[in-house]
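A.B. asks:
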Amino acid sequence: MGNPITKSKNSDHHSQNGSSTSKNGSKLPEFLSNMASILERKIQTNEKMLRRSRTKERVTIYHGTRPPTLSIRQYLSRVFEYSNCSPSCFVVGYIYMEKFIQQSGCYVTTLNVHRILLACVLVAVKFLEDECFNNAYLAKIGGVSTAEINRLEIKLLLTLNYRIYVSPEAFHHYSAMLASAAENEGPGTASRILQLVWSEREPVKQRSSKTRR
């Protein structure tokens, strides 16, 4: 598989405190910065384990031939900035990532995390939002073709057995987890993140598993 996910002129820059700031000055929200940190730690742990055990990683349609130019933090920032979807979509997308990893038995690494994230956010947006972009738009943001993002979405749904409903309890658990990762950032940080995640709408509700392309 090729690796079209590359750095663009709109890519993000890191601030000294670990949050991401794009060239137009927009900053990655704290809970998304924490999500990026969690994914970075998982990638580091998995790749270290794979090297030590000399385990051959099982290649999936989510794997590129080499790590993308954009880090997962920069990529997350780009998707957040240009998709204009609610913060809740990223929490639900993270839940889908966890479920996918558990169901597929794959390890998150620098070779697959970008495409897994992209597919999970796409399905989360379709589950949560009353109006959403089509696959071609997110494919352009994510640096893949429309045909590829369609395949990524279908594979995700099949792996999850189309069980994409997320209970309010599960949503709250993951929201709190992302918030607690920021407790060392200063007083009130966790509550600010939870307020951001829960704003705008009831986060999860029963929807048809039918998705739009």
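Quick note: the sequence shown uses the UniProt record's numbering, first residue 1, plus one each step. Don't be surprised by glycine CBs; every beta carbon is placed ideally from N, CA and C.
Any idea what DSSP makes of Y94, helix, strand or coil?
C.D. replies: helix
A.B. asks: Using 8 Å as the cut-off, can you tell me whether the stretch 101-113 makes contact with the stretch 133-142, which would need three or more C-beta pairs spanning the two stretches below that distance?
C.D. replies: no
A.B. asks: Answer with buried or exposed for M49, where buried requires no fewer than 16 other C-beta atoms within 10 angstroms of its C-beta.
C.D. replies: Of the other Cβ atoms in all chains shown, fewer than 16 fall within 10 Å of the Cβ of M49; this residue is therefore exposed.
A.B. asks: Could you tell me whether the stretch 68-80 touches the stretch 123-134, using the rule of 3 or more Cβ pairs below 8 Å?
C.D. replies: The way I'd put it, the stretch 68-80 doesn't touch the stretch 123-134; fewer than three beta-carbon pairs between them come closer than 8 Å.
A.B. asks: Excluding the 5 residues flanking C85 on each side, which residues of the same chain have their C-beta closer than 6 Å to its C-beta?
C.D. replies: V125
A.B. asks: Does the distance from the C-beta atom of L28 to that of L76 stay below 8 Å?
C.D. replies: yes
A.B. asks: Less than 6 Å between C-beta atoms, sequence neighbours within five positions excluded: which residues of the same chain meet that for C120?
C.D. replies: G93, Y96 and M97
A.B. asks: Just mark R78 as buried or exposed, buried being the case when its beta carbon has 16 or more other beta carbons within 10 Å.
C.D. replies: buried
A.B. asks: Just the Cα atoms here: how many angstroms apart are K99 and A36?
C.D. replies: 17 Å
A.B. asks: For S175 and N134, I'd like the C-alpha separation in whole angstroms.
C.D. replies: 26 Å
A.B. asks: Grouping DSSP H, G and I as helix and E and B as strand, with all else coil, what is L111?
C.D. replies: coil
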